[in-house]
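Protein chains in written order, with full-length UniProt numbering: chain A, 1 to 149; chain B, 1 to 365.
Written below as structure tokens is the structure these notes are about.
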Amino acid sequence: MQGLVPAATDGNMATEFHNLQELRHSASLANKVFIQRDYSEGTTCRFQTKFPSELESRIERTLFEDTVKTLNNYYAEAEKIGGQSYLEGCLACATAYLIFLCMETRYEKVLKKIAKYIQEQNEKIYAPRGLLITDPIERGMRVVSFFAV
Amino acid sequence: MKNCEYQQIDPRALSVLPSSAQNHTEKKAQRPRRKWEVFPGKNRFFCDGRIILARQNGVLPLTLSLIIVTCGLFFAFDCPFLVKHLTVFIPVIGGVLFVFVVLSLLRTSFTDPGILPRATPDEAADVEKQIDTSGSSTYRPPPRTKEILINQQVVKLKYCFTCKTFRPPRTSHCSLCDNCVERFDHHCPWVGNCVGKRNYRFFYSFIISLSFLTSFIFGCVITHITLRTQAGKTIVQAIQESPASVVELVVCFFSIWSILGLSGFHTYLVASNLTTNEDIKGSWSSKRGAEDSGNPYTYNSIITNCCATLCGPMPPSLIDRRGFLPHDEAIPAVSASEIELPPFTAKNDAHMEENCQDISLSCTA
Numbered sequence: 001m002q003g004l005v006p007a008a009t010d011g012n013m014a015t016e017f018h019n020l021q022e023l024r025h026s027a028s029l030a031n032k033v034f035i036q037r038d039y040s041e042g043t044t045c046r047f048q049t050k051f052p053s054e055l056e057s058r059i060e061r062t063l064f065e066d067t068v069k070t071l072n073n074y075y076a077e078a079e080k081i082g083g084q085s086y087l088e089g090c091l092a093c094a095t096a097y098l099i100f101l102c103m104e105t106r107y108e109k110v111l112k113k114i115a116k117y118i119q120e121q122n123e124k125i126y127a128p129r130g131l132l133i134t135d136p137i138e139r140g141m142r143v144v145s146f147f148a149v
Numbered sequence: 001m002k003n004c005e006y007q008q009i010d011p012r013a014l015s016v017l018p019s020s021a022q023n024h025t026e027k028k029a030q031r032p033r034r035k036w037e038v039f040p041g042k043n044r045f046f047c048d049g050r051i052i053l054a055r056q057n058g059v060l061p062l063t064l065s066l067i068i069v070t071c072g073l074f075f076a077f078d079c080p081f082l083v084k085h086l087t088v089f090i091p092v093i094g095g096v097l098f099v100f101v102v103l104s105l106l107r108t109s110f111t112d113p114g115i116l117p118r119a120t121p122d123e124a125a126d127v128e129k130q131i132d133t134s135g136s137s138t139y140r141p142p143p144r145t146k147e148i149l150i151n152q153q154v155v156k157l158k159y160c161f162t163c164k165t166f167r168p169p170r171t172s173h174c175s176l177c178d179n180c181v182e183r184f185d186h187h188c189p190w191v192g193n194c195v196g197k198r199n200y201r202f203f204y205s206f207i208i209s210l211s212f213l214t215s216f217i218f219g220c221v222i223t224h225i226t227l228r229t230q231a232g233k234t235i236v237q238a239i240q241e242s243p244a245s246v247v248e249l250v251v252c253f254f255s256i257w258s259i260l261g262l263s264g265f266h267t268y269l270v271a272s273n274l275t276t277n278e279d280i281k282g283s284w285s286s287k288r289g290a291e292d293s294g295n296p297y298t299y300n301s302i303i304t305n306c307c308a309t310l311c312g313p314m315p316p317s318l319i320d321r322r323g324f325l326p327h328d329e330a331i332p333a334v335s336a337s338e339i340e341l342p343p344f345t346a347k348n349d350a351h352m353e354e355n356c357q358d359i360s361l362s363c364t365a
């Protein structure tokens with residue numbers, strides 16, 4: 001237990017942590033690429049469409065951009081504020097939110113579509129090139145991760 | 001920063017694993033574990049992960065009992081008189097409001113407020129790589145912020161040392177629950193949970209309906225006592241005939257001030273698409289500069305702001321509480337969290353107390 005109390009000086013902690021970092025770097029960089037969120041339009045869910053250099057040799061730029069743009073469109077559809085979402089919100093409020101126990105929200109329906117789309121993309125496009133995409137919902141909607149298999 | 005401590009991987013923990021791994025796998029083979037059982041934040045789970053609460057309940061039992069006792073007294077002692085002398089709709093309206101208040105309260109307390117799951121080790125390593133290549137390499141880790149443009153306005157994203165990720169905009173780390181919460185409003189001790197993106201609308205319905213309920217009960221009790229005095233009795237005699245009314249009056253009188261104030265404040269926040277956290281910190285106040293520091297998230301229309309905040313789409317929970325753990329991930333997570341807990345709780349208690357007071361003051365302001 002005593003060995004776990006952090007050292008008094010910040011320097012020791014930082015160098016130890018950097019050593020661990022090196023180990024992790026060599027293990028993981030070769031295998032995974034993360035596409036981060038794009039917050040330029042606010043807090044709605046969008047991913048960056050910039051093509052990462054690590055994927056240059058593995059997949060065509062257009063295919064990658066298509067996938068990410070389609071995902072962005074799906075998320076925009078899920079988070080769209082319009083007539084249907086207002087209706088859902090007002091109905092939920094009127095039933096003291098009990099309706100969420102029996103009805104699936106529009107967001108959940110779109111998430112199912114996204115899961116199916118990702119599976120399709122994996123089967124048709126990415127698996128033949130030795131890559132796989134993970135569904136962002138499994139990573140807390142922070143990243144779309146591509147990893148080599 | 002209270003969360004600046006790196007979580008080191010203790011070499012002894014790694015050496016412990018092989019010997020106990022066999023025992024673990026024997027046990028795990030019998031019962032697959034759900035993800036809520038190894039959740040790293042300070043939350044409690046009930047009904048096999050369906051219900052989530054902060055570890056410290058705060059005063060949720062007190063809130064519930066105040067509401068139930070006051071309404072119970074109202075229905076038992078004031079309603080019979082009022083039904084006889086006025087109308088039968090009084091207990092009906094009271095009943096509807098009471099049900100709405102309790103359901104909203106339970107919904108606010110038991111819903112995941114928008115907790116962000118912590119970064120996986122691979123993601124954390126990727127973020128570290130990006131920071132190292134862009135920043136300077138001194139022995140002391142530099143402060144970790146990233147500036148981005150949102151709607152042509154510069155917003156700083158901070159790095160969360162606990163969750164090992166850059167916090168999305170409007171996200172804040174709650175030290176009481178030890179989680180990053182999206183669109184973090186505040187940690188409400190009355191409700192026993194954080195108020196964030198996913199349960200803000202429930203919280204708002206709770207305080208609005210509670211304002212109506214307390215005003216309604218207050219009005220009805222005043223009417224009750226007035227009617228009794230009009231029948232030729234003095235106020236003291238009227239009170240002696242119905243002592244429960246005094247209890248209700250006292251509770252409602254003190255509640256109304258705070259609840260109505262809170263409702264008004266949150267109505268202002270909803271209309272300007274702000275969170276309590278941003279308002280308190282003055283993130284978008286006009287003192288800093290005329291055009292540069294407006295709120296980048298506002299739709300510049302009160303109605304659109306209200307609709308977007310309250311009637312927007314319901315985002316899903318990002319922590320998969322009831323999902324099953326894959327067998328190879330179960331073992332390291334459990335032993336690491338078991339060993340690391342004791343040193344950190346001792347340090348964080350003092351900071352937690354201050355935050356608790358600050359936040360509870362701001363909540364009831």
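Note that beta-carbon positions come from the ideal geometry of N, C-alpha and C, so glycine has one too.
Computed from a predicted model, the values in this text were never measured in an experiment.
Q) Under 9 Å Cβ-Cβ, which residues of chain B neighbour Met103(A)? A) Position 103 of the first sequence holds residue 103(A). Those within 9 Å of Met103(A) in chain B number zero; the least Cβ separation is about 10 Å.
Q) Can you name the start and end residues of the alpha helix (DSSP H) that Ala148(A) belongs to? A) As a working mapping, residue 148(A) is identified with position 148 in the first sequence. Run containing Ala148(A): none in the alpha helix (DSSP H); it sits in the beta strand (DSSP E), 143-148.
Q. Who are Asn179(B)'s beta bridge partners in DSSP?
A. Numbered from 1 along the second sequence, position 179 holds the residue referred to as residue 179(B). Beta-bridge pairing links Asn179(B) to Cys174(B).
Q: Report the three-state DSSP secondary structure of Asn300(B) (helix, strand or coil).
A: Sequence index remark: in the second sequence, residue 300(B) carries index 300 (1-based). Residue state, collapsed to three classes: coil.
Q: Select from Ile51(B), Leu176(B), Val191(B), His224(B) the residue whose C-alpha is nearest the C-alpha of Val83(B).
A: Counted from its first residue, the second sequence places residue 83(B) at position 83. Considering only alpha carbons, the answer is His224(B).
Q: Return yes when the Cβ of Phe100(B) is within less than 9 Å of the Cβ of Ser258(B), no when it is not.
A: Residue numbering aside, residue 258(B) sits at position 258 when the second sequence is read from its first letter. Residue numbering aside, residue 100(B) sits at position 100 when the second sequence is read from its first letter. No, these two residues do not count as a Cβ contact at 9 Å.
**Q.** Exposed unless 16 or more other CB atoms sit within 10 angstroms - verdict on Arg31(B)
**A.** Here residue 31(B) is taken as the residue at index 31 of the second sequence, counted from 1. Label assigned to Arg31(B): exposed.
Q) Between Gly140(A) and Ile319(B), is the Cβ-Cβ spacing less than 9 Å? A) For this step, residue 140(A) is matched to residue 140 along the first sequence. For this step, residue 319(B) is matched to residue 319 along the second sequence. Yes, the pair counts as a contact, with Cβ atoms nearer than the cut-off.
Q: Would you mind reading off the limits of the alpha helix (DSSP H) that contains Arg55(B)?
A: As a first step, residue 55(B) must be located in the second sequence, where it is residue number 55. That residue, Arg55(B), is in no alpha helix (DSSP H); it is neither H nor E in DSSP.
Q) Assuming Ile217(B) and Thr63(B) make a contact with CB atoms under 8 Å, what is their CB distance in whole Å? A) Reading the second sequence from its first residue, position 217 is the one you call residue 217(B). Reading the second sequence from its first residue, position 63 is the one you call residue 63(B). Contact flag wrong, Cβ pair sits at about 16 Å.
Q | Val92(B) to Glu241(B) span [Cα, whole Å] | A | Locating residue 92(B) in the second sequence gives position 92, where the first residue counts as 1. Locating residue 241(B) in the second sequence gives position 241, where the first residue counts as 1. Distance between the alpha carbons of Val92(B) and Glu241(B) is about 24 Å.
Q) Along the chain, where does the alpha helix (DSSP H) that runs through Leu213(B) open and close? A) Residue numbering aside, residue 213(B) sits at position 213 when the second sequence is read from its first letter. Start and end: 200-230.
Q | Minimum Cβ-Cβ distance from Arg106(A) to chain B less than 9 Å | A | Against the first sequence, residue 106(A) aligns to sequence position 106. Yes - at least one Cβ of chain B is within 9 Å of the one on Arg106(A).
(Q) Looking at chain A, is there any beta carbon in it that lies within less than 9 Å of the beta carbon of Phe184(B)? (A) As a first step, residue 184(B) must be located in the second sequence, where it is residue number 184. By this cut-off, Phe184(B) is not an interface position.
Q) Per DSSP, what kind of secondary structure is Tyr97(A) in: helix, strand or coil? A) Taking the first sequence and counting its residues from 1, the one referred to as residue 97(A) is at position 97. Note: Tyr97(A) maps to coil in three-state DSSP.
Q: Using only alpha-carbon positions, find the residue among Gly261(B), Ile256(B), Asn295(B) that is nearest to Thr275(B).
A: Along the second sequence, read from residue 1 onward, the residue named residue 275(B) stands at position 275. Comparing Cα positions, the closest option is Asn295(B).
(Q) The beta strand (DSSP E) that contains Asn193(B), what's its start and end? (A) Residue mapping note: residue 193(B) aligns to position 193 of the second sequence, counting from 1. Residues 193-195.
Q: Determine the extent of the alpha helix (DSSP H) in which Glu147(B) is found, giving its start and end residues.
A: By 1-based counting over the second sequence, the position of residue 147(B) is 147. Judged by DSSP secondary structure, Glu147(B) falls outside any alpha helix (DSSP H) and instead within the beta strand (DSSP E) spanning 145-150.
**Q.** Helix, strand or coil at Val69(B) according to DSSP, with G and I counted as helix
**A.** Within the second sequence, residue 69(B) is the residue found at index 69, counting from 1. Val69(B) carries a helical assignment under DSSP once its states are collapsed to helix, strand and coil.
(Q) Please classify Ser85(A) as buried or exposed, where buried requires at least 16 neighbouring CB atoms within 10 angstroms. (A) Position 85 of the first sequence, counting from 1, holds the residue named residue 85(A). Its Cβ being crowded by 16 or more others within 10 Å, Ser85(A) is buried.
**Q.** DSSP-derived helix/strand/coil call for Phe184(B)
**A.** Within the second sequence, residue 184(B) is the residue found at index 184, counting from 1. Correct three-state label for Phe184(B): coil.
Q) How do the stretch 193-210 of chain B and the stretch 261-279 of chain B stand: do at least 3 beta-carbon pairs fall below 8 Å, yes or no? A) At 8 Å Cβ cutoff, the stretches touch.
Q) Which residues of chain A have a Cβ atom closer than 7 Å to the Cβ of Pro169(B), listed in chain order? A) Start at 1 with the first residue of the second sequence, and residue 169(B) comes out as number 169. Tyr39, Thr43, listed in chain order.
Q.
Against chain B, which members of the stretch 76-88 of chain A pass a CB distance test of less than 8 Å?
A. The stretch 76-88 of chain A vs chain B, Cβ under 8 Å: Ala78, Glu79, Lys80, Ile81, Ser85, Tyr86, Glu88.
Q. For residue 454(B), which option in Glu147(B), Ile67(B), Ile302(B) has the closest C-alpha, if you only look at C-alpha atoms?
A. An answer regarding residue 454(B) cannot be provided, because it is not within the stretch 1 to 365 covered by chain B.
Q | C-beta neighbour in chain A for Ile93(B), strict 9 Å | A | As a working mapping, residue 93(B) is identified with position 93 in the second sequence. Cβ-Cβ to chain A under 9 Å: no for Ile93(B).
Q. Which chain A residues are close to Ser245(B), counting only those with a beta carbon under 7 Å from its beta carbon?
A. The residue given as residue 245(B) occupies position 245 in the second sequence. Ordered by position in chain A, no residue passes the 7 Å Cβ test against Ser245(B), which lies about 28 Å from the chain.
Q) Taking the C-alpha atoms as reference points, what is the distance between Ala308(B) and Thr298(B)? A) Within the second sequence, numbered from 1, the residue matching residue 308(B) stands at position 308. Within the second sequence, numbered from 1, the residue matching residue 298(B) stands at position 298. When rounded, the distance between both Cα atoms is 10 Å.
Q. How about Leu71(A) and Val144(A): do their beta carbons lie closer than 9 Å?
A. Within the first sequence, the letter at position 71 stands for residue 71(A). Within the first sequence, the letter at position 144 stands for residue 144(A). Yes, these two residues count as a Cβ contact at 9 Å.
Q.
DSSP three-state label for Cys45(A), please.
A. What you label residue 45(A) is simply residue 45 of the first sequence in a count that begins at 1. It is coil, neither helix nor strand.
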